[in-house]
Each structure stands twice: as C-alpha cells, then as structure tokens.
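> Position 126 (the sequence shown) corresponds to 126 in UniProt numbering; numbering is contiguous. Glycine residues also receive a C-beta, built at the ideal position from the N, C-alpha and C atoms. These figures come from a predicted structure and were not determined experimentally. Provided herewith is a single structure, encoded as structure tokens, for subsequent inquiry.
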Amino acid sequence: MAGRVVLVTGVTRYIGSELAGRLARDPGVDRVVGVDAALPEPAARSRMGDAEFVRVDIRNPLISRVLETAGVDTVVHASASAPAPSSAARALAKEMNVLGTMQLLAACQRSDTVRSLVVRSTSLVYGSSPRDPAVFTEDTPARSVPSSGPGRDAVDIEAYVRGFSRRRPDVRVALPRFADLIGPTIRTPLARYFALTPVVPLVLGRNARLQLIHESDAVALLHTLALGDVAGPINAAGDGVLTVSQAIHRAGRVPLPVPGAGLGVLSRAMQQLRIGGFSPALVSQLATGRVMDTTRMTRDVGFVPRFTTESAFDDFAAALPPLLTPDLIRQAERTVARTLRVDPAPATIAPDDEPVVEPVGATVPAPVTRHLVSVPDAAVVTPLARPHRPRRTR
1 MAGRVVLVTG VTRYIGSELA GRLARDPGVD RVVGVDAALP EPAARSRMGD AEFVRVDIRN
61 PLISRVLETA GVDTVVHASA SAPAPSSAAR ALAKEMNVLG TMQLLAACQR SDTVRSLVVR
121 STSLVYGSSP RDPAVFTEDT PARSVPSSGP GRDAVDIEAY VRGFSRRRPD VRVALPRFAD
181 LIGPTIRTPL ARYFALTPVV PLVLGRNARL QLIHESDAVA LLHTLALGDV AGPINAAGDG
241 VLTVSQAIHR AGRVPLPVPG AGLGVLSRAM QQLRIGGFSP ALVSQLATGR VMDTTRMTRD
301 VGFVPRFTTE SAFDDFAAAL PPLLTPDLIR QAERTVARTL RVDPAPATIA PDDEPVVEPV
361 GATVPAPVTR HLVSVPDAAV VTPLARPHRP RRTR
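In structure tokens, the structure reads:
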C-alpha cells in the first residue's frame, strides 16, 4: 500500500518546518512537500530534513498545480492563524491568513487527490469577555466574537473551512484550536510580552488564568491529526493553568499593575526609551483569559501533551536572559563607585596577565583588590559619642 503524500504550509517558521521534518521521518509517509512564499533559513531547512521545498505563495492559484503535480492526499495548513511576528507585519499576516486560506481551500476543492485537511486554528475564536464561562468546550459559542486582530482572522478562517466541508463532505477536515504557543524557539507576541525586562505590565485589578501548549506538543498533535481520522474542532492545550502574575514571577520579572486606559501610553513610552514594547491589545486580552476543555483531544485523538502549562512556560523561561546580567551589575558598580568617589572594581584581574575564562551563564565574583571599598560590619562599629554642648544659662 502506498504511503501518504503530505503538503505542509508555512515551512519558514518553526511549527511548519519541524512538522515537515517529522512527517518526512514517518514510515507511513512517502513524500512531504513544504511550501512558503519565502526561502527557509538554514535552521528551518535543517529541521525539514528530507522534506522537499517548493517556493510558492498560497495566495497564488499556482498552489493548485503543486497539489496536482505532487499527487497530494493530505494538506496541513500549519501557517493558518499564526500570529504576526511584529505589529508592522500585521497587515501581511492578515492577508496570508485569510486570503491565503481561501486560495488553499479553493485548490483543495478542485483537487481529485486530497482526502484529508488539517487547518491550524486558535483559542482566540472564543473571544474575550467578562461573561465567558469558566471552561470552553468545542461547542461553546463565543460570548464576544472578536472584531479585529488575529482572533477575527481565525473566526473568518473557520467560517471558510466549514463552507469547504459542506462542498467537499468526502474530505476529512480537522481543526485544532491551539492555546497560546510557548517554547524556547518560537517568537510570538506573548513570548515577547513575558520577555520584557525588568517589569511586565498587567491590567490593574486583573489576574486572569493562562493556558498554554508547548511548541513541540503543537507539532506532535498536528502530526497525529495529519495521519489520523478525527474530524472537527479539537481544543489543544497543556494540562493545568497559570495566572498572569504567576507566569511573570516564574519568568523572573516584576509585575507592574497599570490601569487599562494607561496601557497604550506605557507601551509608547517603553518603545521611545528603547526598553522593549508590548501590544496593549494583548494585555487587554490577558485581563480576561480563557480556559478550554481538552477532553476531546485526549479521548478521541488519543493525544496527551508531554508538557503541562506550567512546565511549558518554565521551558520558555529557562531560555530568557537573566533579569540582572553581568553588564547591569557592572553598570551598578560603576554608579556606586562614582557616588562614593572611589575607583570601580575591575571586571577581572588575572595573575601574570593570564586571561580569565568565565563560565557561560554564571557570574564570577571579582577578586578582592585594593580598589574595593571595605565597609565595616555594623555589629563591631562603635557609635560616635555625641558632642558635649554647654548648657545655656539665663
């Protein structure tokens, strides 16, 4: 029996390239074709392994020719609902998400070989409202449908997918709704938010629940769905939840409560000072939060994520730079030295001019030298006697 021929979109990013390489190593797959509008970087090409690469924009009708020529029977739209890497790329991301999905679905509808379709979606389709239920199932309607941003894109994409399913009932369609992706490799607005230093803003008086899925678990689930037989929407997230403030502390940052109306002002100020920036819309979404019921993922798909929400975030946080870097410590030392009008301690002093090798990730204390100021212990310091003042006589 011949194996599968799988087409994967978005292979210039981590999820798509890692998935293509994983499918290429699967003995049940004969051929994997990765497509994207740009050439993959060396790291992405290495992750793809034996998968082929075809440079084609899915917004172009030429994608139909790729499906026909390769004889593709399974399509994994891994780039659908992917967050924009930056606010400047938001317009392009919307075009790729919505228009690209429309063209890809049209190509699949005309194809005589496509029998399975997996379209990546997101939990943003459930919206964000104070009236939200404690837990969303796949059948729970959104109390507040997103009107803009990636959530609106995902709602439109799912509408097009439902239309495709009605026109091609012979094609199995799986729609995984991923919680926020996190990990040491991918770069998303959420990852940049928790990487802010030294403080991370959050809405004053709000501490919403956060549900995450590790980047490697997202790839593994897409792999399972591509070769499986489960159809319909599937909530996908790691077990457990974190509150936003807990996540900020686990990242080694300091939470900064800010009134909701001041988020935009603070974001612009941080960008002008070149100390980072964040999306006020993202922080507003985190003020409400959402939690999904993942019973269908574990029961029907038979997939259990390797990472919980907590361990997935910890894996991401372990790759963050420390809050106090050696450079910041040296800068503080120089500031104190200038204040005390003494010479600052040199970074390293080696005997006989030999170089000192400091281990990566560790802060080696500077040796004690004549440059350091000796501060006496308060326990052994005799307080100065109060000067005698003559009594005033009338």
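(1) Quick one: what's residue 180 bridged to in DSSP?
(2) I'd like to know whether the C-beta atoms of residue 30 and residue 5 end up nearer to each other than 8 angstroms.
(3) Where does the unbroken alpha helix (DSSP H) through residue 119 begin, and where does it stop?
(4) Can you tell me which residues form a DSSP beta bridge with residue 292?
(5) Could you name the residues of the same chain whose beta carbon sits closer than 6 angstroms to that of residue 156, not counting the 5 residues immediately before and after it, in chain order?
(6) Going by C-alpha distance, which of 17, 303, 10 is nearest residue 227?
(7) Output needed for residue 180: all residues of its chain with C-beta closer than 6 angstroms, excluding positions within five of it in sequence on either side, in chain order.
(8) To the nearest angstrom, how far is the alpha carbon of residue 371 from that of residue 341?
(9) Check the DSSP bridge columns for residue 201 and list the partner residues they point to.
(10) Taking the Cβ atom as the reference point for each residue, do residue 314 and residue 250 lie within a distance shorter than 8 angstroms?
(11) Is it a yes or a no for the region 232 to 246 touching the region 36 to 52, going by three-plus beta-carbon pairs under 8 angstroms?
(12) Output needed for residue 183: all residues of its chain with C-beta closer than 6 angstroms, excluding positions within five of it in sequence on either side, in chain order.
(13) For residue 220, which of helix, strand or coil comes out of DSSP?
(14) So what's residue 207 in DSSP terms, helix, strand or just coil?
(15) Identify the continuous alpha helix (DSSP H) that holds residue 312 and give its terminal residues.
(16) In three-state DSSP terms, what is residue 248?
(17) The alpha helix (DSSP H) with residue 143 in it runs from where to where?
(18) With residue 171 and residue 121 assumed to form a contact (beta carbons below 8 angstroms), what rounded beta-carbon distance in angstroms separates them?
(19) Could you give the DSSP three-state label for residue 60: helix, strand or coil?
(20) Do residue 197 and residue 253 have their C-beta atoms closer together than 8 angstroms?
(21) Evaluate residue 112 with the Cβ neighbour count: other Cβ atoms within 10 Å of its Cβ, from every protein chain shown; 16 or more gives buried, anything less gives exposed.
(22) By how many angstroms is the C-alpha of residue 321 removed from the C-alpha of residue 327?
(23) Would you call residue 153 buried or exposed, if buried means 16 or more other Cβ atoms sit within 10 Å of its Cβ?
(24) Taking the beta strand (DSSP E) that residue 52 falls in, what are its first and last residues?
(25) Is the region 16 to 33 touching the region 55 to 65, taking contact as three or more C-beta pairs under 8 angstroms?
(26) Taking the CB atoms as reference points, tell me whether residue 323 and residue 202 lie closer together than 8 angstroms.
(27) So the beta strand (DSSP E) residue 7 belongs to, where does it begin and stop?
(28) Where residue 47 and residue 200 are concerned, what is the direct C-alpha to C-alpha distance, given to the nearest angstrom?
(29) Going along the chain, which residues of its own chain have a beta-carbon closer than 6 angstroms to the beta-carbon of residue 312, five neighbours each way excluded?
(30) Tell me which same chain residues have a C-beta within less than 8 angstroms of the C-beta of residue 2, skipping the five on either side of it?
(31) With a Cβ-Cβ cutoff of 8 angstroms, do residue 244 and residue 208 count as a contact?
(32) Spatial neighbours of residue 104 within its chain, please: C-beta separation below 8 angstroms, excluding the five flanking residues on both sides.
(33) Please indicate yes or no: does the CB of residue 10 lie closer than 7 angstroms to some heavy atom of the ligand FMN?
(34) Pick helix, strand or coil for residue 18, following the three-state DSSP scheme.
(35) What is the DSSP secondary structure of residue 185, counted as helix, strand or coil?
(36) Cα separation between residue 230 and residue 331?
By the coordinates alone:
(1) 212
(2) yes
(3) No alpha helix (DSSP H) contains residue 119, which is instead part of the beta strand (DSSP E) from 116 to 119.
(4) 136
(5) 98
(6) 303
(7) 190, 212
(8) Any reading at residue 371 must be qualified, since the residue scores a pLDDT of 43, below 50, and its modelled position is unreliable; the value itself is stated next. The straight-line gap from Cα to Cα measures roughly 11 angstroms.
(9) 256
(10) yes
(11) no
(12) 214, 215, 316
(13) helix
(14) coil
(15) 309 to 318
(16) helix
(17) Neither: residue 143 is in no alpha helix (DSSP H) and is coded neither H nor E.
(18) Rounded, the Cβ-Cβ distance is 17 angstroms, inconsistent with contact.
(19) coil
(20) yes
(21) exposed
(22) 12 angstroms
(23) buried
(24) 52 to 55
(25) no
(26) no
(27) 4 to 9
(28) 33 angstroms
(29) 182, 212, 214, 238
(30) 30
(31) yes
(32) 9, 58, 63, 75, 77
(33) Among the ligands in the structure shown, none appear at all, so the ligand FMN cannot be discussed.
(34) helix
(35) coil
(36) 57 angstroms
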